[in-house]
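Under our numbering, the letters of the first sequence match residues 1 to 511, in that order. Note that beta-carbon positions come from the ideal geometry of N, C-alpha and C, so glycine has one too. What you are looking at is a predicted structure, and each value in this text was computed from that prediction instead of being measured.
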Amino acid sequence: MERKVRVRFAPSPTGPLHIGGVRTALYNYLFARKNGGDFILRIEDTDSQRFVPGAEAYINEALAWCGIRADEGVLEGGAFAPYRQSERREIYLQYALQLVNAGHAYYAFDTPEQLNEIRATYELEGGTFAYNYKVRGQLNNSLNLSAAEVTKRIERGDQWVIRFKMPEDEDIRMFDLIRGEVVVNSASLDDKVLYKSTDKLPTYHLANIVDDHLMEITHVIRGEEWLPSLPLHYKLYEAFGWSDSQPAFAHLPLLLKPSGAGKLSKRDGDKFGFPVFPLRWVSPETGEVSRGYREDGYFPEAFINMLALLGWNPGGDREIFSMDELITLFSLEHVGKSGSRFDPEKAKWFNAQYLRMKSDEELATLYRPVLEAKGIEASDEKVAKVCGLIKERAAFVSDFWPISAYFFATPEAYEEKAVAKFWKGDNPARLAELRDVIAGIGDFTKEAIDKTVHDWIAEKGYPMGQVMNTFRLAVVGASMGPGMADICEVIGKDETLRRLDRIGEVVPVKA
RNA sequence: GGCCCAUUCGUCUAUCGGUUAGGACGUGAGAUUUUCAUUCUCAAAAGAGGAGUUCGAUUCUCCUAUGGGCUACCA
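Dropping the structure here:
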């Protein structure tokens with residue numbers, strides 16, 4: 001029987017989710033939606049040492065901002081609850097014990113200190129220590145100790161872990177949806193700890209396999225950093241007798257640091273001049289603040305679009321996709337195999353595209369708070385009109401103010417270069433004439449202004465560039481912005497006249 | 001060191017044995033424009049190297065190089 005597709009995103013709350021994590025969540029989400037399946041959000045908080053307060057809330061908020069909604073999870077609930085591993089702790093031990101009883105795992109009494117010592121000794125001799133078939137016969141574990149001794153130690157309260165007994169020499173054949181067949185010989189693997197003594201919790205490996213099985217996960221889509229532990233996971237499914245219902249695996253290529261070496265990590269925070277986190281994050285330990293895409297003014301749709309295309313491509317020249325389109329198009333076959341670095345410039349371009357697609361009214365709503373903070377009052381109609389005139393010149397709403405302030409306030413300063421270039425010769429006198437021409441316009445619309453001014457320039461035979469640029473200098477205060485008629489219509493006749501008068505009062509004409 | 005994965009313009013990528021190797025970002029030039037921006041046009045820019053397999057390899061195989069991941073009682 002074909003099982004219903006069920007995927008999970010399983011972050012550990014050891015800090016904020018970075019963009020690589022968001023991308024993994026996104027691909028899982030897209031895959032689930034595409035295949036009519038469920039997307040589960042499971043919190044893997046089995047590392048009590050590295051737990052970071054606020055991280056789980058951050059994950060929820062980040063996914064919500066991105067528009068990635070879980071069908072089941074800590075917040076949503078579900079038939080397989082609880083979805084936080086720390087609340088499932090009783091479950092794991094019995095499974096670990098099941099493996100011990102079946103001979104697939106064993107108790108080990110070696111303390112971390114002892115192991116570190118052995119490790120140091122090996123390294124001193126130029127070797128590397130691995131807890132594996134070669135050495136497990138000489139270490140403190142239930143493989144070597146009598147049953148009575150093992151019981152005695154456990155009852156006495158000695159620290160113990162449960163380790164998986166990796167076969168000595170076996171070719172483990174695995175299949176990855178993105179990479180194809182991968183074969184690893186078990187001799188290169190070690191006896192991983194499945195159940196920890198330090199916090200009485202399972203390690204990732206055990207909890208992951210048990211929960212994926214219990215939650216009926218059909219596809220595990222995760223980062224490539226997990227590929228090396230795939231053989232262990234295969235053996236674990238086998239040892240439990242769950243191979244038949246084992247999920248399919250897809251290991252995603254990593255997101256790399258923009259500057260040279262290594263995969264992107266949470267600790268990269270803010271050091272590249274662009275955010276690596278979806279949302280702003282303030283470290284509870286250090287108070288260090290890391291920027292977020294949301295706070296930097298990115299639209300979630302643009303952020304998601306950009307992220308989706310980092311490592312996946314539907315195979316065409318199109319680059320702008322809505323979430324629904326991504327869902328329709330998504331497939332694991334088109335996920336690339338090699339890691340990618342992402343380009344902040346391109347991210348900016350994506351945002352600019354989405355900014356243009358927004359209606360003037362929508363942008364006005366976003367711009368309004370900025371204006372209010374500057375103490376500026378303006379009608380909805382005016383703000384929307386301004387947004388319409390400037391949106392093709394910006395990538396973020398935060399770019400709006402510097403390029404549109406003159407719509408709302410009379411310029412206080414006049415750009416030096418423009419003054420030097422235009423505020424001289426016949427221009428001031430012509431501007432005075434223009435003032436009267438403007439004053440004579442009855443119906444102060446863009447069309448009328450445009451026609452009247454141009455007719456006047458033609459009639460007088462004035463040099464267009466000189467006149468218009470002086471006009472612009474007076475109204476805008478700088479050499480920038482949309483057409484003069486557009487600007488004048490928005491600021492109105494009175495304000496236009498005021499500005500034409502003012503420049504003469506404020507800026508001395510160069511001899 | 002060991003094991004594993006990867007390798008097309010600076011960056012993200014298309015190509016599923018036969019193409020002048022395409023697109024996008026960025027860069028440069030030009031055009032448009034009353035300014036700036038936009039827009040448009042054009043340009044420079046890539047199959048890591050070497051062996052095979054094949055009539056034919058960017059595409060398949062192997063070797064080398066390079067990059068990356070893992071090698072914790074972290075995930």
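Length-filtered (4 minimum) alpha helix (DSSP H) runs lying within the stretch 85 to 160: With a minimum length of 4 residues, the continuous alpha helix (DSSP H) runs that stay inside the stretch 85 to 160 are 89 to 101, 112 to 124, 147 to 156.
Of the residues Leu255, Lys192, Lys263, the one placed nearest Gly336, counting alpha carbons only: Comparing Cα positions, the closest option is Leu255.
Contacts around Asp176, its chain only, beta-carbon distance under 8 Å, and the 5 residues preceding and following it disregarded: Same-chain partners within the cutoff: Val182, Leu227, Leu230, Phe249, Ala250, His251.
Ala302 versus Ser338, Glu361, Val490, Glu345, residue with shortest Cα-Cα distance: Nearest neighbour of Ala302 by Cα position, chosen from Ser338, Glu361, Val490, Glu345, turns out to be Glu345.
Ordered list of alpha helix (DSSP H) runs contained in the stretch 288 to 345, each at least 4 residues: Complete alpha helix (DSSP H) runs here, min 4: 300 to 308, 323 to 329.
Residues that Val184 bridges to, as DSSP identifies them: Note: Val184 sits in a beta bridge opposite Ile172.
Of the residues Leu497, Thr286, Leu124, Gly20, the one placed nearest Phe444, counting alpha carbons only: Ranking Leu497, Thr286, Leu124, Gly20 by Cα distance to Phe444 puts Leu497 first.
Residues sharing a beta bridge with His219, DSSP: His219 pairs with Val7, Ala248.
Pro284 in three-state terms, based on DSSP: In the three-state scheme derived from DSSP, where H, G and I count as helix and E and B as strand, Pro284 is classed as coil.
Backbone secondary structure at Leu41 - three-state DSSP: If DSSP states are grouped into helix, strand and coil, Leu41 belongs with the strands.
Residue interval of the beta strand (DSSP E) (run including Val193): Counting along the chain, the unbroken beta strand (DSSP E) around Val193 starts and ends at 193 to 195.
Start-to-end residues for the alpha helix (DSSP H) that takes in Gln49: Counting along the chain, Gln49 falls outside any alpha helix (DSSP H), and DSSP gives it neither H nor E.
Stretch-stretch touch, CB-based, cutoff 8 Å, three pairs: the stretch 456 to 467 with the stretch 387 to 394: Contact between the stretch 456 to 467 and the stretch 387 to 394 is absent: fewer than 3 CB-CB pairs across the two stretches fall below 8 Å.
Span separating the alpha-carbon of Glu117 from that of Ser340: So the two alpha carbons sit approximately 39 Å from each other.
For Ile178, three-class secondary structure by DSSP: Here Ile178 sits in coil by DSSP.
Spatial distance of Pro428 from Arg472 (CA atoms): Inter-residue distance for Pro428 and Arg472 is about 12 Å (C-alpha atoms, whole angstroms).
Counted within 10 angstroms of its Cβ, other Cβ atoms place Leu500 as buried (16 or more) or exposed: That one is buried.
Tyr237 versus Gln98, Ser283, Glu90, residue with shortest Cα-Cα distance: Of the candidates Gln98, Ser283, Glu90, Gln98 places its Cα closest to the Cα of Tyr237.
DSSP state of Leu256 mapped onto helix, strand, coil: Correct three-state label for Leu256: strand.
Closest residue to Ile449 among Glu489, Leu232, Gly311 (Cα-Cα distance): Ile449 has its Cα closest to that of Glu489, out of Glu489, Leu232, Gly311.
Extent of the continuous alpha helix (DSSP H) run through Asn28: Where Asn28 is concerned, the enclosing alpha helix (DSSP H) stretches over 19 to 34.
Segment limits, alpha helix (DSSP H) that includes Val370: Element bounds for Val370: 360 to 373.
Helix, strand or coil at Lys271 [DSSP, three-state]: Secondary structure at Lys271: coil, using DSSP grouped into helix, strand and coil.
Stretch pair the stretch 273 to 287 + the stretch 61 to 72: three plus CB contacts closer than 8 Å: Three or more pairs of CB atoms, one per stretch, sit closer than 8 Å, so the stretch 273 to 287 contacts the stretch 61 to 72.
Secondary structure of Pro463, DSSP reduced to three states: Look at Pro463 here: in three-state DSSP terms it is coil, with no helix or strand label.
Distance between Glu56 and Lys235 (C-alpha atoms, nearest Å): Spanning the alpha carbons of Lys235 and Glu56 requires a straight line of approximately 31 Å.
The alpha helix (DSSP H) enclosing Thr496, as first and last residue numbers: Boundaries of the alpha helix (DSSP H) around Thr496: 493 to 506.
Complete runs of the alpha helix (DSSP H) confined to the stretch 369 to 441 [at least 4 residues]: With a minimum length of 4 residues, the continuous alpha helix (DSSP H) runs that stay inside the stretch 369 to 441 are 380 to 390, 400 to 408, 416 to 422, 427 to 439.
Contact test: Met480 Cβ vs the ligand SAM heavy atom, cutoff 7 Å: Because no ligand of any kind appears in the structure shown, any question about the ligand SAM cannot be addressed here.
Euclidean distance between Cα positions of His104 and Phe240: Taking the straight line joining both Cα atoms gives about 9 Å.
Residues bridged to Arg163 [DSSP beta-bridge criterion]: Answer is Tyr106, Val193, bridged to Arg163.
Helix, strand or coil at Phe240 [DSSP, three-state]: Annotated three-state conformation of Phe240 is helix, per DSSP.
Where the alpha helix (DSSP H) containing Glu224 begins and where it ends: For Glu224, no alpha helix (DSSP H) encloses it, and the DSSP letter there is neither H nor E.
Cα-Cα separation between Asp343 and Leu264, rounded to whole angstroms: About 13 Å.
Reduced DSSP category for Phe80 - H, G, I as helix; E, B as strand; rest coil: Secondary structure at Phe80: coil, using DSSP grouped into helix, strand and coil.
Rounded straight-line distance, which links the Cα of Asn313 to that of Lys421: Rounded to the nearest whole angstrom, the C-alpha separation of Lys421 and Asn313 is 50 Å.
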